[in-house]
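Peer 1: Numbering (the numbering used here), first residue to last: -3 to 307. Idealized CB from N, CA, C, for every residue including glycine. Bear in mind the structure is a predicted one, so any value in this text is a computation, not a measurement.
1. From the DSSP output, in three-state form, read off residue 213 for me.
2. Leaving out five residues before and five after residue 89 in sequence, what residues of the same chain have Cβ atoms less than 7 Å from its Cβ?
3. Return the chain-ordered ranges of every beta strand (DSSP E) run that is complete within the segment 227 to 265 and spans a minimum of 3 residues.
4. Within 10 Å of its beta-carbon, does residue 94 have 16 or more other beta-carbons around it, so buried, or fewer, so exposed?
5. Rounded to whole angstroms, what is the Cα-Cα separation between residue 37 and residue 191?
6. Mind checking whether residue 22 and residue 185 have CB atoms under 8 Å apart?
7. Determine the direct distance from the alpha carbon of residue 31 to that of residue 72, and round the result to whole angstroms.
8. What is the C-beta distance between residue 4 and residue 148, in whole angstroms, given that I count them as a contact (C-beta under 8 Å)?
9. Could you give the DSSP three-state label for residue 4: helix, strand or coil?
10. When we look at the beta-carbon of residue 136 and count the other beta-carbons within 10 Å, is it buried (16 or more) or exposed?
11. Are the CB atoms of residue 15 and residue 196 within a distance shorter than 8 Å?
12. Taking Cβ to Cβ, would you say residue 241 is nearer than 8 Å to residue 230?
13. For the alpha helix (DSSP H) containing residue 112, name the first residue and the last one.
14. Can you list, in chain order, the residues of its chain whose CB lies under 8 Å from that of residue 265, leaving out five sequence neighbours each side?
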């Protein structure tokens, strides 16, 4: 498994979804396939949904789960062993355990590592203590783990084996607004100096803290005009909806097929004022000078790098 994230605080469900969607848009590697999304709902009950293909956008997540104060995701490429919930176990009133690599692999006692951590949470152990004690006995296990207790306490770590990998990413945040931890491997991105893990944590933290982030999702939710112009520009409204496209490529407005409607690095303007630049590209069905969205959350979403926003 290539990415796991857990978060506690307001809109924790939306926070973990934002992080994984960001990974699917920004990253290259084993991502956009299977995903398990889990929460402890308003009554503290363990709830989850899953998919083998299509990534986080393929999940039909109830709106109430996005508002949950305890949430986690694990995701990777497609077609992982069933049942998928083995990769993200949880217990009502107790907590959730996610991770990356093989968090479900058995320990020396035959118990899956993530289940062993969950059992320790049920016994009253601190999440970090539970993680450390399980990994201490399995230094060569191919596993990284994140434990989230129902009250918002968080712990995370990699085995010694995983910690030696050269393709790791990790990030964590903690403040009055909430907490989050993220681990990933084998996902690559060129972000002009920023790390992928920090970018994904920024997206999640924006949901938890309710404030602007250096990265912002923009959505092609409806057909928009594609006009020729001296330079590429994406026009959006205050909600992040794309309302018009301008292209310096004279061929684009004349297309009659699916193609790249928004080019990497294109300027983004909100209500006419500079807002940022396109950090990802967007494909659309273009015909008669109009770009129409393609089905699927990730396929109609663009990530913008914002101007003058502190992390």
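Peer 2: According to the structure shown:
1. Counting from one through the chain shown, the residue named residue 213 turns up at place 217. Here residue 213 sits in strand by DSSP.
2. Start at 1 with the first residue of the chain shown, and residue 89 comes out as number 93. Correct list, in chain order: 40 and 146.
3. 229 to 232, 238 to 243 and 253 to 258
4. Against the chain shown, residue 94 aligns to sequence position 98. So residue 94 ends up on the buried side.
5. Walking along the chain shown from the start, residue 37 turns up at place 41. Walking along the chain shown from the start, residue 191 turns up at place 195. Rounded to whole angstroms, residue 37 to residue 191 spans 32 Å at the Cα level.
6. For this step, residue 22 is matched to residue 26 along the chain shown. For this step, residue 185 is matched to residue 189 along the chain shown. It is a contact, given that the beta carbons lie within the stated cut-off.
7. Walking along the chain shown from the start, residue 72 turns up at place 76. Walking along the chain shown from the start, residue 31 turns up at place 35. Each residue's alpha carbon lies about 7 Å from the other.
8. By one-based count along the chain shown, residue 4 stands at place 8. By one-based count along the chain shown, residue 148 stands at place 152. About 4 Å; that satisfies the 8 Å criterion.
9. As a working mapping, residue 4 is identified with position 8 in the chain shown. Residue 4: strand per DSSP, three-state reduction.
10. Your numbering for residue 136 matches position 140 in the chain shown. So residue 136 ends up on the exposed side.
11. Position 200 of the chain shown, counting from 1, holds the residue named residue 196. Position 19 of the chain shown, counting from 1, holds the residue named residue 15. It is a contact, given that the beta carbons lie within the stated cut-off.
12. The residue you call residue 241 lines up with position 245 of the chain shown. The residue you call residue 230 lines up with position 234 of the chain shown. Yes, these two residues count as a Cβ contact at 8 Å.
13. Taking the first residue of the chain shown as 1, we reach residue 112 at position 116. Start and end: 109 to 118.
14. As a position in the chain shown, residue 265 is number 269, starting the count at 1. Taken in chain order, the residues that qualify are 229, 230, 231, 232 and 271.
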